[in-house]
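Visitor: Take a look at this one; I'll ask things after.
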Amino acid sequence: MKINFIDLKAQYQEYKQEIDSEVLEVFTNAQFIGGEKLNTLEKNLATYIGSKYAIGCSSGTDALLLSLMALGIGSGDEVITTPFTFIATAEVIAFLGAKTVFVDIEEDSYNIDPKKIEDVITDKTKLIMPVSLYGQCADMDAINEIASKYDIPVIEDACQSFGATYKDKKSCNLSTIGCTSFFPSKPLGAYGDGGAIFTNDDELAIKIRMLLNHGQNERYKHKYIGINGRLDAVQAAILNVKLKYFDNEVKTRDEIGSRYSELLKDSDVITPKIAEFNSSVFAQYSIRVKDRETMIEKLSLKEIPTAVHYPVPLHLQEAFENLGYKKGDFPISEEVSTQIMSLPMSPYLKQEEQDFIVQAIKGN
Ligand SMILES: Cc1ncc(COP(=O)(O)O)c(C=O)c1O
1 MKINFIDLKA QYQEYKQEID SEVLEVFTNA QFIGGEKLNT LEKNLATYIG
51 SKYAIGCSSG TDALLLSLMA LGIGSGDEVI TTPFTFIATA EVIAFLGAKT
101 VFVDIEEDSY NIDPKKIEDV ITDKTKLIMP VSLYGQCADM DAINEIASKY
151 DIPVIEDACQ SFGATYKDKK SCNLSTIGCT SFFPSKPLGA YGDGGAIFTN
201 DDELAIKIRM LLNHGQNERY KHKYIGINGR LDAVQAAILN VKLKYFDNEV
251 KTRDEIGSRY SELLKDSDVI TPKIAEFNSS VFAQYSIRVK DRETMIEKLS
301 LKEIPTAVHY PVPLHLQEAF ENLGYKKGDF PISEEVSTQI MSLPMSPYLK
351 QEEQDFIVQA IKGN
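Under this note's numbering, the first residue of the sequence shown is numbered 1, with each subsequent residue one higher.
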């Protein structure tokens, strides 16, 4: 049985006619940057999330970078985040010359532990940046409460959680700014790189729009030093089609994720724990196993693809050596990173494939 880790080919076949026609329209009209496709997408994204503004941009990484730039984060500032995430989260902090201050994760959600945040707040702390990992939101109320006590903004790195809900509110609309990624394998994926920034703040929205277009307020008048961080019209056209069907896909993802957990509940593996106030989009369906290498090998013998998100926490990465952290500083992140592994997951995973995967996990 040939199982895909994520089945993007099946998804394309499902929406092919509409996607092809939308993309051809962009080619025919030759409006490749900005224009009606992007405007429509931004309107649709804002409606979907319930935020005042949605701003398309070139990637999730650039969404984070632009948001930090808009908040004026730079040299001498400290930004609090989790070491158990994709490198982009902390990369943008370092890129702007600010200092990353890590806080360990919760054992259950794998997201930043709000109870440990206050311990590291100093007068240099300028931002808290939780990550909603694997498609489940961080405990945003608890984080926002701390942030408002110290008058610090919060950016939700929602690159894996577009479509998830927290206490009936949508991820991306839970803090000062929400940032997501449309990398092809994300729950809402483009056919190339893409991302979006969400906010309800008028001034931030205006500034972010300028920053992603070289800091221009009008053509060749540059108010800020910015970047080229635009989302192109082809990606916007594709995302417009996929967004129409996204709620269905989220529902199917939830059914598949819940079915994995049900089928694996009497096994030795630890399945994801979704808080009762959260719904996850299962960007990854990640389990914890004692002996990960043996499990990966066992599954690969049956041609079941797996992945590890993430094998080395950021505080132990060579690139962050200068921060001076050492092994043992964030024990939960360190332990989880040795045990975590992701199973095939997409709305197109068939029941018989899922049964085969579960059998393989439980078998000898
Ligand atoms: C948690 C997290 N943050 C940031 C990013 C960066 O997004 P992109 O790949 O679109 O730049 C990703 C994507 O992999 C991510 O998973």
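Where a beta carbon is used, it is the ideal one built from N, C-alpha and C, also for glycine.
For N144, tell me which candidate among C159, N228, I177, A164 has the shortest Cα-Cα distance.
Guide: As a working mapping, residue 144 is identified with position 144 in the sequence shown. Of C159, N228, I177, A164, the residue nearest in Cα terms is I177.
Visitor: Our contact map puts K362 next to S261 with C-beta atoms below 8 angstroms; I'd like the distance itself, whole angstroms only.
Guide: Sequence index remark: in the sequence shown, residue 362 carries index 362 (1-based). Sequence index remark: in the sequence shown, residue 261 carries index 261 (1-based). In fact, because the Cβ distance is near 14 angstroms, the residues do not count as touching under 8 angstroms.
Visitor: For H222, does the three-state DSSP call read helix, strand or coil?
Guide: Mapped onto the sequence shown, residue 222 falls at position 222. Residue state, collapsed to three classes: strand.
Visitor: For the stretch 255–316, list the beta strand (DSSP E) runs that are entirely contained and at least 3 residues long, ordered along the chain.
Guide: You should have 285–288.
Visitor: From I256 to E249, what distance separates their C-alpha atoms?
Guide: On the sequence shown, position 256 is the one that residue 256 refers to. On the sequence shown, position 249 is the one that residue 249 refers to. Between I256 and E249, the C-alpha separation is close to 10 angstroms.
Visitor: Between the C-alpha atoms of K115 and E106, what's the straight-line distance to the nearest angstrom?
Guide: Residue mapping note: residue 115 aligns to position 115 of the sequence shown, counting from 1. Residue mapping note: residue 106 aligns to position 106 of the sequence shown, counting from 1. Their Cα atoms are separated by approximately 9 angstroms.
Visitor: Apart from the five residues on each side of it in sequence, which residues of its chain come closer than 7 angstroms, Cβ to Cβ, to V120?
Guide: Taking the first residue of the sequence shown as position 1, residue 120 is located at position 120. These residues qualify, in order along the chain: I80, V101, V103.
Visitor: Closest to Y310 by CA distance: which of K2, V336, V281 is it?
Guide: Sequence index remark: in the sequence shown, residue 310 carries index 310 (1-based). Nearest option by C-alpha distance: V336.
Visitor: Run through DSSP, which three-state label would D104 get?
Guide: For the purposes of this step, residue 104 is taken as residue 104 along the sequence shown, with counting starting at 1. Residue state, collapsed to three classes: coil.
Visitor: For D193, which residues from the same chain have a beta carbon less than 7 angstroms from its beta carbon, with the 5 sequence-adjacent residues on both sides left out?
Guide: If you number the sequence shown from 1, residue 193 lands on position 193. Excluding positions up to five away in sequence, the list reads S58, S59, F183.
Visitor: In the DSSP output, what is A54 paired with across the bridge?
Guide: Walking along the sequence shown from the start, residue 54 turns up at place 54. In DSSP, A54 forms a bridge with F198.
Visitor: Taking 8 angstroms as the limit between beta carbons, can you name the residues of its chain near M210, skipping five residues before and five after?
Guide: Counted from its first residue, the sequence shown places residue 210 at position 210. Excluding positions up to five away in sequence, the list reads Q216, N217, K223, Y224, G226.
Visitor: Quick one, are the C-beta atoms of K170 and I49 less than 7 angstroms apart?
Guide: Taking the sequence shown and counting its residues from 1, one reaches residue 170 at position 170. Taking the sequence shown and counting its residues from 1, one reaches residue 49 at position 49. Against a cut-off of 7 angstroms, the Cβ pair of I49 and K170 comes out as a contact.
Visitor: Looking only at its chain, what residues have a beta carbon closer than 6 angstroms to the beta carbon of L96, apart from the 5 residues adjacent to it on each side?
Guide: Counted from its first residue, the sequence shown places residue 96 at position 96. Excluding positions up to five away in sequence, the list reads L68, I73, G74.
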